[in-house]
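Trainee: This structure is in structure tokens; I'll ask about it shortly.
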Amino acid sequence: MASASPPQPTPYAALLRWRLELRGLRDAAQYRAGHLSEALKKIPVESPLHRGLSAEAYEADCKLAVLNNELSEVRRQLRILEKNSAAREAPLDPPVNLPERVSSPESEVLPEPPAAAVVDTVPVPVAEAKSDPVVATQPEPPALPDYVVR
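Throughout the sequence shown, residue numbering follows the working numbering, covering 103 to 252 in sequence.
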């Protein structure tokens, strides 16, 4: 009696199975490569991972970056404080150059102006001004325009 052996695949069937396996492997590899390329796109170019650093060096680099950021923030706040303190210490008005006072008692007493230099500032009524020969000979001032140009 003939022993029952499993049917032998034909060369064509074996080729189809082999192609399917290769296609599956290829698809799986493309799928993984797509995920890897997407993951690599998310890593910044200046990242130490692109420079080939070890995990410890990468961690130290990250800590250094954080410390640099904190240092720049502290420097910024220090500049602001220096500006504010300089603004508080600055005088509000510019200094005025006043002459120094002489402490002698003679200079503190102001002399009286001469009598001829005293000018009477009391206004003279118009009727009296026309009768006064000095005022009457002076021409009247020109009339002022309705508007003033500044």
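For each residue, glycine too, the CB sits at the ideal point set by N, CA and C.
Here the structure is a predicted model, which means the values were calculated and not measured.
Among the residues of its own chain, which have a CB less than 8 Å from the CB of Ala157, if the five just before and after it don't count?
Mentor: Counting only residues of its own chain and dropping the five nearest sequence neighbours on each side, Ala157 has no CB closer than 8 Å to any other CB.
Trainee: Could you tell me the alpha carbon to alpha carbon distance between Asn170 and Glu184, rounded to whole angstroms?
Mentor: 21 Å
Trainee: Take Trp120 and list the residues in its own chain whose beta-carbon comes closer than 7 Å to its own, dropping the five residues that flank it on each side.
Mentor: Once the five neighbours on either side are set aside, Trp120 has no close Cβ partner at all.
Trainee: Does DSSP put Ser187 in a helix, in a strand, or in coil?
Mentor: helix
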